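S.K.: Structure incoming, see below.
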Amino acid sequence: MGRERIFNAGILLALLLVPLIAWKMDEPFLITLATKVTILALAGVGLNIALGLGGLVSLGHAAFFGIGGYAMGILASHAQNYEPLFSWPFLFEGSNQMPLIWLVAVVASAAAALVIGALSLRTSGVYFIMITLAFGQMLYYFTISWSAYGGEDGLSIWVRNEMPGVNTLDPIQFFAVTFVILCLTLWSAARVAQSAFGLALSAARQSEERVETVGLAPFKLRLMAFVISGAITGLAGALFADLNRFVSPTMLSWHTSGEIMIFVILGGVGRLYGPVVGAAVYILLEHFLGGISEYWQIFLGLLLLGMVLFARGGLIGALLGREVAHD
Amino acid sequence: MSLILILEQVLNGLQFGVMLFLMAAGLTLVFGVMGLINLAHGALYMVGAFAAAAVAGWTGSFVLALMASLAAAAAAGALVEVTVIRRLYDRDHLDQVLATFALILIFSEGTRWLFGSFPLFLDVPSYLSGPVMLPGGIQYPLYRLAMIAIGLVVGAGLFWLIARTRIGVQIRAGEADREMIAALGVDISKLYTLVFALGAALAGLAGALVGAIQSVQVGMGEPVLILAFVVIVIGGIGSIKGALVGALLVGLTDTLGGVFLPRLFALMMEPENAASLGASLASMLIYILMAAVLLVRPSGLFGGSA
Numbered sequence: 001m002g003r004e005r006i007f008n009a010g011i012l013l014a015l016l017l018v019p020l021i022a023w024k025m026d027e028p029f030l031i032t033l034a035t036k037v038t039i040l041a042l043a044g045v046g047l048n049i050a051l052g053l054g055g056l057v058s059l060g061h062a063a064f065f066g067i068g069g070y071a072m073g074i075l076a077s078h079a080q081n082y083e084p085l086f087s088w089p090f091l092f093e094g095s096n097q098m099p100l101i102w103l104v105a106v107v108a109s110a111a112a113a114l115v116i117g118a119l120s121l122r123t124s125g126v127y128f129i130m131i132t133l134a135f136g137q138m139l140y141y142f143t144i145s146w147s148a149y150g151g152e153d154g155l156s157i158w159v160r161n162e163m164p165g166v167n168t169l170d171p172i173q174f175f176a177v178t179f180v181i182l183c184l185t186l187w188s189a190a191r192v193a194q195s196a197f198g199l200a201l202s203a204a205r206q207s208e209e210r211v212e213t214v215g216l217a218p219f220k221l222r223l224m225a226f227v228i229s230g231a232i233t234g235l236a237g238a239l240f241a242d243l244n245r246f247v248s249p250t251m252l253s254w255h256t257s258g259e260i261m262i263f264v265i266l267g268g269v270g271r272l273y274g275p276v277v278g279a280a281v282y283i284l285l286e287h288f289l290g291g292i293s294e295y296w297q298i299f300l301g302l303l304l305l306g307m308v309l310f311a312r313g314g315l316i317g318a319l320l321g322r323e324v325a326h327d
Numbered sequence: 328m329s330l331i332l333i334l335e336q337v338l339n340g341l342q343f344g345v346m347l348f349l350m351a352a353g354l355t356l357v358f359g360v361m362g363l364i365n366l367a368h369g370a371l372y373m374v375g376a377f378a379a380a381a382v383a384g385w386t387g388s389f390v391l392a393l394m395a396s397l398a399a400a401a402a403a404g405a406l407v408e409v410t411v412i413r414r415l416y417d418r419d420h421l422d423q424v425l426a427t428f429a430l431i432l433i434f435s436e437g438t439r440w441l442f443g444s445f446p447l448f449l450d451v452p453s454y455l456s457g458p459v460m461l462p463g464g465i466q467y468p469l470y471r472l473a474m475i476a477i478g479l480v481v482g483a484g485l486f487w488l489i490a491r492t493r494i495g496v497q498i499r500a501g502e503a504d505r506e507m508i509a510a511l512g513v514d515i516s517k518l519y520t521l522v523f524a525l526g527a528a529l530a531g532l533a534g535a536l537v538g539a540i541q542s543v544q545v546g547m548g549e550p551v552l553i554l555a556f557v558v559i560v561i562g563g564i565g566s567i568k569g570a571l572v573g574a575l576l577v578g579l580t581d582t583l584g585g586v587f588l589p590r591l592f593a594l595m596m597e598p599e600n601a602a603s604l605g606a607s608l609a610s611m612l613i614y615i616l617m618a619a620v621l622l623v624r625p626s627g628l629f630g631g632s633a
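Chains as they are written, first to last, in the numbering used here: chain A, 1 to 327; chain B, 328 to 633.
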């Protein structure tokens, strides 16, 4: 366990140092790249709770990512256009305050995860994969035809939303906000994994019958995990939309679900810091391979294929050996 | 809303459903026999469409184009099965999802590299273009009618293959107990390659047929792939009969919902709201159908205990 802890600290430190150095050298693009890694890692940490801890292969997490994004888009667009979002039971004109947007994003994506999870978790295995995929697509097509909020073109926000005490327009300050959220989430995720709930969830992944025999309900555990997972991914979606000041149906497409899953797998399933490593490697690949060849996704595909076929513990597993895998 | 319009839309739904069946049949066979979830099935659909467009461009023959789609998709399927897929049979579903997702990336970008980003066009041959008069005074495009016919004939052939031939017996036996038929001396890996190539060929044929009424472009297989997933989830994974029923159900629901929901809402509210609400609800209709089926039967209409 020791080596992995040092490795994790190093990863986090690198994620912090790169933008700081970039800030000193006045390279705002690098800071934005690091912010992107941080936010996508957060989305991956969310998925990892369902996937790594609960063994729930959800191919529909883009839905929660997108719901978070649209929560930001809808609130902020009403605020910027001075159009009330609703006038009953009280007048609400939307908001450009990040904490409120995050709250709405988390609540909305958790609610969606509750409904989707309650339906999907009636099934398991391949059915579960396909059903989460289908629900994701359902919301994707819904946003495409939702003309009130831009339909296929998406929604642009002119100015990044505000946060008390922070100048979010400054790249390094916005990075700091996302970095703090990622650290808090990683810490909470570690606590969850070691809590009674997390242990029971892990046990339900390894042997459903045994968990039932001791009187726990796997369905409830999994639903809880799915909701937590969706909520974190939704928060990441709100931040991602704020980073780009843009939200569109692409955030909900199943390629996004696949990418979030790739972050988790590249790093190593069930590893706390797997998504951080995975997102960082993915963004670096996209940036550097994308610079070499327009068709960089061929290399990404080959890498992923090689990873799945030959290095099953992900990058962290390949570097550190399989010391945490107990099942 | 005349009866003719309704009948026309029912035919459209039927045509869509039959194409979905060609896609879903391969997917459900591969899952039923090998226990593999194959996201790259949509890529094989795309390979079929591109092969058909390329061959039609060189030779001008639509029949040759269709044959090329079958051959190219089957060859691509067999190649992928031998190099990648067969390593995945013993893996869990997560590995299968990732590896086949990786295959999609490779296929899509590879096709873009070969053919460029612009869509290709595959023309309907002259002897199949134009409308035809159906009994009851309905004018309907001949090509779409031909699609329904081809789909039904291929479907019937598939049922015959599974139910009546020696290969079909082996496929069904493979679904029931793969160790046993391997022990009985059937070359199981050859059988797997064959089943995979067969499914791929059906997908490729569907891609070529649909490619003639839509454009042939990279990524065209993915929306269809996801609809095919909905189909086999509704029908029950592994069941060909379920795939047929599910495909027709999804095809009809999607087509009829898209046309009639906005009109239905127009009876109740302003036309502008009705159009947008109807359109958004129609796009979600098949997923609502799927959720409803799953509430009643979690393993699909014709699925065993999954």
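The C-beta atom is built at its ideal place from N, Cα and C for all residues, glycine as well.
A quick note: this is a predicted structure, and the numbers were derived from the prediction, not measured.
(1) Identify whether B:Gln541 lies in helix, strand or coil by the three-state DSSP scheme.
(2) For a cutoff of 9 Å on Cβ pairs, would you count A:Arg138 as touching chain B?
(3) What are the uninterrupted segments assigned as alpha helix (DSSP H) that are 4 or more residues long and contained completely in the segment 533-608 of chain B, given in chain order?
(4) With 9 Å set as the bound, which would you pick, yes or no: does the beta-carbon of B:Phe556 sit closer than that to a beta-carbon of chain A?
(5) Does B:Leu447 come out as helix, strand or coil in the three-state DSSP assignment?
(6) How long is the line joining the alpha carbons of A:Glu259 and B:Arg493, rounded to whole angstroms?
(7) Over the uninterrupted beta strand (DSSP E) stretch that includes B:Leu461, give me the two end residues.
(8) Please name the residue or residues paired with A:Leu155 in a DSSP beta bridge.
(9) Nearest-angstrom Cα distance between A:Thr32 and B:Met474?
(10) So, at 7 Å on beta carbons, what are the nonlocal neighbours of B:Pro625 in its own chain, with the 5 sequence-adjacent residues on each side left out?
(11) Less than 9 Å separating the beta-carbons of A:Glu27 and A:Asn96?
(12) Express the C-alpha separation of B:Ala402 and B:Ile615 in angstroms, rounding to a whole number.
(13) Give the residues of chain A in contact with B:Pro625, contact being defined as C-beta atoms less than 7 Å apart.
(14) Measuring only between beta-carbons, confirm whether A:Ile31 sits less than 9 Å from chain B.
(15) Since B:Tyr470 sits in a beta bridge, which residues does DSSP pair it with?
(16) Comparing C-alpha positions only, which one of A:Ile265, A:Leu182, A:Gln173 and A:Thr143 sits nearest to B:Ala609?
(17) Checking 9 Å against the spacing of the C-beta atoms, do B:Gly495 and B:Ala352 come in under that value?
(18) Which one or two residues does DSSP pair with B:Ile331 in a beta bridge?
(19) Between the C-alpha atoms of A:Arg210 and B:Gly512, what's the straight-line distance to the nearest angstrom?
(20) Give a yes or no on whether the minimum CB-CB distance between B:Phe358 and chain A is below 9 Å.
(21) Give a yes or no on whether 9 Å exceeds the smallest Cβ distance from B:Ile560 to chain A.
(22) Which bits of chain B does A:Leu304 rub up against, with CB to CB less than 8 Å?
(23) Residues of chain A with CB under 8 Å from B:His420, in chain order?
(24) Following the continuous alpha helix (DSSP H) through B:Val314, name the residue where it begins and the one where it ends.
(25) List in chain order: all unbroken beta strand (DSSP E) runs of 3+ residues lying wholly within the segment 461-522 of chain B.
(26) Check each candidate in A:Phe7, A:Gly270 and A:Ala41 and name the one with the smallest Cα separation from A:Val180.
(27) Would you call the CB atoms of A:Gly55 and A:Arg271 closer than 9 Å?
(28) Contact criterion: CB-CB distance below 9 Å. Does B:Leu449 meet it with respect to chain A?
(29) With a 10 Å radius around its C-beta and 16 neighbouring C-beta atoms as the bar for buried, classify A:Ser248 as buried or exposed.
(30) What are the residues in the segment 262-284 of chain A lying within 8 Å of chain B by C-beta distance?
(31) From A:Gly301 to B:Arg590, what distance separates their C-alpha atoms?
(32) How big is the Cα-Cα spacing for B:Leu554 and A:Gln137?
(33) Would you say B:Ala633 faces chain A, with C-beta separation under 9 Å as the test?
(34) Only counting the same chain, and skipping five residues up and downstream in sequence, which positions put a Cβ closer than 6 Å to that of A:Val192?
(35) Over the uninterrupted alpha helix (DSSP H) stretch that includes A:Trp187, give me the two end residues.
(36) Taking the alpha helix (DSSP H) that A:Ala148 belongs to, which residues open and close that run?
M.R.: In terms of the structure at hand:
(1) coil
(2) With the sequence shown as reference, residue 138 of chain A is identified as Met, and Arg is not the correct amino acid for it. True, the Cβ-Cβ gap to chain B drops below 9 Å.
(3) Taking 4 residues as the shortest admissible run, the segment 533-608 of chain B contains the following complete alpha helix (DSSP H) segments, listed from N- to C-terminal end: 548-562 and 567-593.
(4) Taking Cβ atoms only, chain A reaches closer than 9 Å to B:Phe556, which makes this a yes.
(5) strand
(6) Take the alpha-carbon of A:Glu259 and the one of B:Arg493: they are about 42 Å apart.
(7) Pro458 to Leu461
(8) A:Val247
(9) 50 Å
(10) none
(11) no
(12) Each residue's Cα considered, the two are about 37 Å apart.
(13) Arg122 and Thr123
(14) no
(15) Its beta-bridge partners do not exist; DSSP assigns none.
(16) A:Thr143
(17) no
(18) In DSSP, B:Ile331 forms no bridge with anything.
(19) C-alpha separation (whole angstroms): 38 Å.
(20) yes
(21) Correcting the residue type first, residue 560 of chain B is Val in the shown sequence and not Ile. Yes, its Cβ sits closer than 9 Å to a Cβ of chain A.
(22) Going along chain B in sequence order, the residues near A:Leu304 (Cβ under 8 Å) are Leu425, Ala426, Phe428, Ala429 and Leu432.
(23) Val57, Gly125, Val126 and Ile129
(24) The first residue shown for chain B is 328 and the last is 633, placing residue 314 of chain B beyond what the model contains.
(25) 465-468
(26) A:Ala41
(27) no
(28) no
(29) buried
(30) Hits within the stretch, in order: Ile262, Ile265 and Val269.
(31) Rounded to the nearest angstrom, the gap between the Cα atoms of A:Gly301 and B:Arg590 is 45 Å.
(32) 9 Å
(33) At B:Ala633, the pLDDT of 42 sits below 50, so the modelled position is not reliable and the matter cannot be decided from this model.
(34) Gly198
(35) DSSP places A:Trp187 in the uninterrupted alpha helix (DSSP H) bounded by Pro171 to Gln194.
(36) Unbroken run through A:Ala148: none, as it is neither H nor E.
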